[in-house]
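>
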Amino acid sequence: MRNGAMAEARVVSLYIGRMKDVEIDGRAERTAFVRTPATTPIQLGPTGIEGNEFGTGRRLGTPNHAIYLLNAEHYDYYENILGRAIAPGSFAENVTYQGPDETVLRMGDQLRIGTAVVELTLPRIPCYKMAHFFNADAGFPSLFSLSGRTGIYARVIKPGAIAPDDKIEIIRTDPVNALISELNVVLTGPSPSPDMVERVKASPALFDALRQQIDERMEMLGIDAEPQATTVRIADIRQESRDVVSVAFSMPAGTAQPPKPGQFITFGITDNNGAQHFRCYSLIEAPFANQNDDDSEIWHIAVRKQANQNGAFSVSSWIHENLKPGDLCAVYPPAGEFVLPDRLQGPVAFIAGGIGITPILAQIAALARQGYSAPVTLIYVAPDDESLPFLDALHLAAAKLPKFDLRIHLTRVKSLPDKAKPNWKLGHPDFVRDIAALGETDHVFICGPAGMIDAVRTIHTTLGRLTGYIHFELFANDGLTTSALTGIDSAQITIRSTGFSGTWNAEDGSLLNWIEARTDIRPNAACRSGMCRTCRADLIRGEVAYPPTVSPPPASSILLCCAHPASDLEIALPSSGR
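Under my numbering, the first residue of the sequence shown carries the number 58, and numbering increases by one thereafter.
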């Protein structure tokens, strides 16, 4: 099942690989591809299954291929492709199982299977032998990878026994880690997007040998993992509510990967003094229906006006007060993991707080274009009726969704306005009741303030729901708050290759601010909120702390815009940022 519940996950059958001599394309080969069913429990030791043999060396290490898991439903898919039945165990798996697959499970997920615990490492990357043993043409291994139904390798965390019909349960997961399906695209896809490459490489579970393999492949494909900005021209600006405007701009054809519903862009303006400022804004629509005569597309973002704390420059205020059609701005490619699953099925619930409606509007519009037939619920929370942008667009989408349930909650008014419909309510939603009413495998998408997201996530977890079915995105003010950081008050900072060394103090803010204030060095930096990763540098020595809203990069890297020292540091800047 592409999005199966882990509560249903179990072992279907077990297999052991034994070395055999075979002839493939006229050559003698020694391989363990052909598997033998195990009718008794298998014993999983520290480096793999006792008695299981490998026919070829493993560049990424045998321990990272200790056990191979394959979803049983993949057999149906490949039988349809080949037009014939496939014998159990034919994919050389060790465990055939029922439950979630590569589109739900992530790198680093730890599963308890029987008495053993394993950690997912990477997808199966097939070789030419697969075509031989399936009696298929030479392109079958490529089709296997392209389908995403690859199965998953794992390493051993705790040795133990695994038997048929044993329950499988996730005991640890981290949403910062990329999905196995995403890792598969980066490892085998013909043209993985720079954003996906960056997301995979930012996964804490990515081990060094796999990172090196990805880097080598990206170099071979000529793919630059660091995004580049595109200059765009503003086409239109419209007032959508009391404090929200929509900004339309013309994106030249072919300059960016097509955005997915729910993604954001990093948007840059040049103020009246010639200084550049960047912020991240969600796209209202994706993909885009409007196209110009020159094949460029009209993209839309929404910007809520917010005054910055302590009198700092407010990008959103500047956009509201100064930006006009014809102005030129900079846009970095779409990014973000707050997207709909590729094969979404069943009921889905959305929760939007204020301007958090923006990415959710794009997702609901996408479902409407598909004619999505399952129930779709939107809980839209705002302080008052003047803070409800895009209601008309929501009603248009609702007309195309046969089971759309819109609930509007106004939290800072004493009575409902005259225009209120029966689905409008006063006060905050009862999230406990709302989440409890959902099915265990219903996906929940939430975008809004941190407090609302924390509350919903806590309720979702308390009710025993799996983290793979809740998706969230925080929105922030123009200024990055750092009250949640757990750094230190003072640190000695050394910038390798520049000869600069100095003392950072907590009042200096981020390392990026400190570097720009103390030196003539101007590191690359775009969004300055930890999303675009443009300011990434190498961390040679020391430790840093990040706000809870930022997904940390790999331990060998540092995000200058939002990192605060937790010890003395030595860093190295990219050559373009010195």
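Every residue, glycine too, gets a C-beta built ideally from N, C-alpha and C.
Using 9 angstroms as the threshold, is the C-beta distance between L168 and E130 below it?
What you label residue 168 is simply residue 111 of the sequence shown in a count that begins at 1. What you label residue 130 is simply residue 73 of the sequence shown in a count that begins at 1. Contact flag unset, no.
> Would you kindly report the start and end of the unbroken alpha helix (DSSP H) that includes D511?
Counted from its first residue, the sequence shown places residue 511 at position 454. Here the alpha helix (DSSP H) through D511 covers A507 to T519.
> Taking 7 angstroms as the limit between beta carbons, can you name the residues of its chain near F31, skipping five residues before and five after?
This structure cannot speak to residue 31, because the chain is shown only from 58 to 635.
> Could you check if T207 is buried or exposed, using at least 16 other CB atoms within 10 Å of its CB as the buried criterion?
Locating residue 207 in the sequence shown gives position 150, counting from the first residue. Classification for T207: buried.
> Hey, how far is the Cα of G599 from the Cα of L626?
Translated into the one-based positions of the sequence shown, residue 599 becomes position 542. Translated into the one-based positions of the sequence shown, residue 626 becomes position 569. Those two C-alpha atoms are separated by around 5 angstroms.
> Report buried or exposed for P180, applying the criterion of at least 16 other Cβ atoms within 10 angstroms of its Cβ.
For the purposes of this step, residue 180 is identified with residue 123 of the sequence shown, where counting begins at 1. With 16 or more Cβ atoms within 10 Å of its Cβ, P180 is classed as buried.
> Should the region 420-429 be regarded as contacting the region 513-522, the criterion being three or more beta carbon pairs within less than 8 angstroms?
Flag = no, the region 420-429 and the region 513-522 do not touch.
> Just verifying my parser: in three-state terms, what is the DSSP assignment at K471?
Locating residue 471 in the sequence shown gives position 414, counting from the first residue. DSSP places K471 in coil when its eight states are reduced to three.
> Using only the alpha-carbon positions, how far apart do N128 and R575 sit?
Mapped onto the sequence shown, residue 128 falls at position 71. Mapped onto the sequence shown, residue 575 falls at position 518. C-alpha separation (whole angstroms): 55 angstroms.
> Checking 9 angstroms against the spacing of the C-beta atoms, do T230 and G165 come in under that value?
Along the sequence shown, one-based indexing puts residue 230 at 173. Along the sequence shown, one-based indexing puts residue 165 at 108. In contact: T230 and G165 (Cβ atoms closer than 9 angstroms).
> From the DSSP output, in three-state form, read off Q167 for me.
Position 110 of the sequence shown, counted from the first residue, corresponds to residue 167. The answer is strand: DSSP assigns Q167 an E or B state.
> By DSSP's criteria, F190 is part of a beta bridge. Which residues make up the other side?
Here the question's residue 190 lines up with position 133 in the sequence shown. DSSP output for F190 lists no bridge partner at all.
> In angstroms with no decimal places, state the Cα-to-Cα distance between S70 and E276.
Counting from 1 along the sequence shown, the entry for residue 70 is found at position 13. Counting from 1 along the sequence shown, the entry for residue 276 is found at position 219. Their backbone Cα atoms lie some 40 angstroms apart in a straight line.
> Name, in chain order, the residues that DSSP records as bridge partners for G217.
In the sequence shown, the residue the question calls residue 217 occupies position 160. According to DSSP, G217 bridges with L101.
> Can you have a look at Q285 and say buried or exposed, based on whether 16 or more other CB atoms are within 10 angstroms of its CB?
Taking the sequence shown and counting its residues from 1, one reaches residue 285 at position 228. That one is exposed.
> Please determine if the region 376-391 and the region 471-481 are in contact, where contact requires at least 3 C-beta pairs separated by less than 8 angstroms.
No, because fewer than three Cβ pairs between the region 376-391 and the region 471-481 fall closer than 8 angstroms, the two stretches do not touch.
> Hey, would you say R163 sits closer than 9 angstroms to A235, going by beta carbons?
Indexing the sequence shown from 1 puts residue 163 at position 106. Indexing the sequence shown from 1 puts residue 235 at position 178. Yes.
> Please say whether S353 and I363 have beta carbons closer to each other than 9 angstroms?
For this step, residue 363 is matched to residue 306 along the sequence shown. For this step, residue 353 is matched to residue 296 along the sequence shown. Inspection of the sequence shows that residue 363 is occupied by Gln rather than by Ile. The answer is no: Cβ separation not under 9 angstroms.
> Can you tell me the Cα-Cα spacing of P631 and I597, whole angstroms?
Taking the sequence shown and counting its residues from 1, one reaches residue 631 at position 574. Taking the sequence shown and counting its residues from 1, one reaches residue 597 at position 540. Each residue's Cα considered, the two are about 13 angstroms apart.
> Distance check for C504 and A292, CA to CA, integer angstroms please.
Numbered from 1 along the sequence shown, position 235 holds the residue referred to as residue 292. Numbered from 1 along the sequence shown, position 447 holds the residue referred to as residue 504. If you take the alpha carbons of A292 and C504, they lie about 27 angstroms apart.
> Would you identify the three-state DSSP class for T353, choosing helix, strand or coil?
Your numbering for residue 353 matches position 296 in the sequence shown. A small correction: the amino acid at residue 353 is Ser; Thr does not occupy that position in the sequence shown. Coil, per DSSP.
> Going along the chain, which residues of its own chain have a beta-carbon closer than 6 angstroms to the beta-carbon of I99, five neighbours each way excluded?
Indexing the sequence shown from 1 puts residue 99 at position 42. Same-chain partners within the cutoff: L71, I106 and I219.
> Could you say which of A548, I552, T555 and R553 lies nearest to N562 if we only look at CA atoms?
The sequence position of residue 562 within the sequence shown is 505, counting from 1. Cα-wise, what sits closest to N562 is A548.
> Assuming A431 and G319 make a contact with CB atoms under 8 angstroms, what is their CB distance in whole Å?
As a position in the sequence shown, residue 431 is number 374, starting the count at 1. As a position in the sequence shown, residue 319 is number 262, starting the count at 1. 18 angstroms between Cβ atoms; not a contact.
> Give me, in chain order, the residues of the same chain whose beta-carbon lies closer than 6 angstroms to that of V301; leave out the 5 immediate sequence neighbours on both sides.
Your numbering for residue 301 matches position 244 in the sequence shown. If we look at V301 and ignore the five residues flanking it on each side, its Cβ neighbours are A359, R361 and P446.
> Write down the C-beta distance between P251 and V243 rounded to the nearest angstrom, noting that I regard them as a contact closer than 8 angstroms.
On the sequence shown, position 194 is the one that residue 251 refers to. On the sequence shown, position 186 is the one that residue 243 refers to. Their Cβ separation, rounded to whole angstroms, is 10 angstroms, which puts P251 and V243 out of contact at 8 angstroms.
> Taking the DSSP output, what are the residues bridged to Y47?
Outside the displayed span of the chain (58 to 635) sits residue 47, for which this structure offers no information.
> Report the option in D133, K77 and I421 whose CA atom is closest to the CA atom of N109.
Numbered from its first residue, the sequence shown carries residue 109 at position 52. The residue with the shortest Cα to Cα distance from N109 is K77.
> Report buried or exposed for S558, applying the criterion of at least 16 other Cβ atoms within 10 angstroms of its Cβ.
As a position in the sequence shown, residue 558 is number 501, starting the count at 1. It counts as exposed.
> Report yes if the CB atom of I322 is closer than 9 angstroms to the CB atom of W356, and no otherwise.
As a first step, residue 322 must be located in the sequence shown, where it is residue number 265. As a first step, residue 356 must be located in the sequence shown, where it is residue number 299. Yes, the pair counts as a contact, with Cβ atoms nearer than the cut-off.
> Enumerated in chain order, which unbroken segments of the alpha helix (DSSP H) with a length of 4 residues or greater are wholly contained in the region 423-455?
List check, alpha helix (DSSP H) in window: 448-455.
> Nearest to K224 by alpha carbon, out of Q269, R67 and T96?
In the sequence shown, counting from the first residue as 1, residue 224 sits at position 167. Of the candidates Q269, R67 and T96, the one whose C-alpha sits nearest the C-alpha of K224 is R67.
> Whole-angstrom Cβ separation of D491 and I436, contact assumed at under 8 angstroms?
Indexing the sequence shown from 1 puts residue 491 at position 434. Indexing the sequence shown from 1 puts residue 436 at position 379. The pair is a contact, with the Cβ atoms about 6 angstroms apart (cut-off 8 angstroms).
> Can you round the beta-carbon distance between T287 and P315 to whole angstroms, since I take them to be within the 8 angstroms contact cut?
As a first step, residue 287 must be located in the sequence shown, where it is residue number 230. As a first step, residue 315 must be located in the sequence shown, where it is residue number 258. In fact, because the Cβ distance is near 14 angstroms, the residues do not count as touching under 8 angstroms.
> Are there 16 or more other CB atoms within 10 angstroms of the CB of S554, so buried, or fewer, so exposed?
Position 497 of the sequence shown, counting from 1, holds the residue named residue 554. Exposed is the call here.
> Going by DSSP in three states, T88 sits in which element: helix, strand or coil?
Mapped onto the sequence shown, residue 88 falls at position 31. It is a strand residue.
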